[in-house]
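Reading through the structure tokens given below for one structure.
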Amino acid sequence: MNRVTRGLVSLGVAAGLAAGSAVLATQVLHDRRADAVAAQGEPLKAEARTDRVVNALAGLADDGVYVAPDARDMLDRAGEKRVARAVAAAQTPVKVVVWTDTRHAGASGFDTVQQLEAGLAESGERGVYLIWQGPENGDINTFGPYGYLTMSPHDEFAGDPSVTLPRLVKRVDGEVRWPERDTESDYWGGVSGGIMAGALIGVGVLLGIGTLYGLFVGTTKRRLPGTWRW
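The letter at position 50 of the sequence shown is residue 1009 when you use my numbering, and the numbering goes up by one with no holes.
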């Protein structure tokens, strides 16, 4: 085997190893990302939810509106019916919760909202939830996969909730977005993208080694040192 042939074989082996390593790394990252996404998508187990969230989920099952006993002074039954009519008229599933902001609900405010969102997503549908906790204190977000709202009406959580909440519910249909997501997509564009990336990396390594070898031989007119012979 002459020097040129040995050089080409060595370069080919190096390129193959580089491409294989890139493909393997891409597949491992893809699998880990898929596992992480699946874990995030799993709703919290029922036993992990506070009584406040359990009661809210049960109350929402009727007409999509739940008013906690400690929040009845914020929204009376007539106002609740008005909100329920707006919810029924919306094309998007909307859930409205009215409760007070408290530190004695068995979980932090953030965790309570996350538990509620996970419980709503358990049904398999996707929609929007509104939480009213008082003037300038509330939350609005989507539940279910891959949704977002183009509106951010937190400064509108003011005034009479029997008026404000129906108005916000009516805006949901025009403000919610449900982009479709490719479950195989990742940084490289899926497994096929990883293979292509590996091939390109291999070609780049091949060209780089070939260029360095050519410069070395062209400038020194010598073989590589040591036992590696060309």
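Positions of the beta carbon are idealized from the N, C-alpha and C atoms, including for glycine.
For Phe1102, there is no enclosing alpha helix (DSSP H); the enclosing beta strand (DSSP E) has its first and last residue at 1096-1102.
The C-alpha of Gln1050 is placed about 29 angstroms away from the C-alpha of Gly1068. In the three-state scheme derived from DSSP, where H, G and I count as helix and E and B as strand, Leu1034 is classed as coil. Per DSSP, reduced to three states, the secondary structure at Arg1136 is strand. Ile1090 is bridged by DSSP to Val1056, Asp1098. Excluding sequence positions up to five before and after Ile1090, its CB lies within less than 7 angstroms of the CB of Val1056, Val1072, Gly1097, Asp1098, all in the same chain and listed in chain order. Here Glu1076 is buried, its C-beta having at least 16 other C-beta atoms within 10 Å. Between Pro1052 and Glu1095, the C-beta spacing is not below 8 angstroms.
By the beta-carbon neighbour count (other beta carbons within 10 angstroms, threshold 16), Leu1124 is buried.
Residue Val1122 holds the alpha-carbon nearest to the alpha-carbon of Arg1044 among Ile1160, Val1122, Ala1030, Gly1163.
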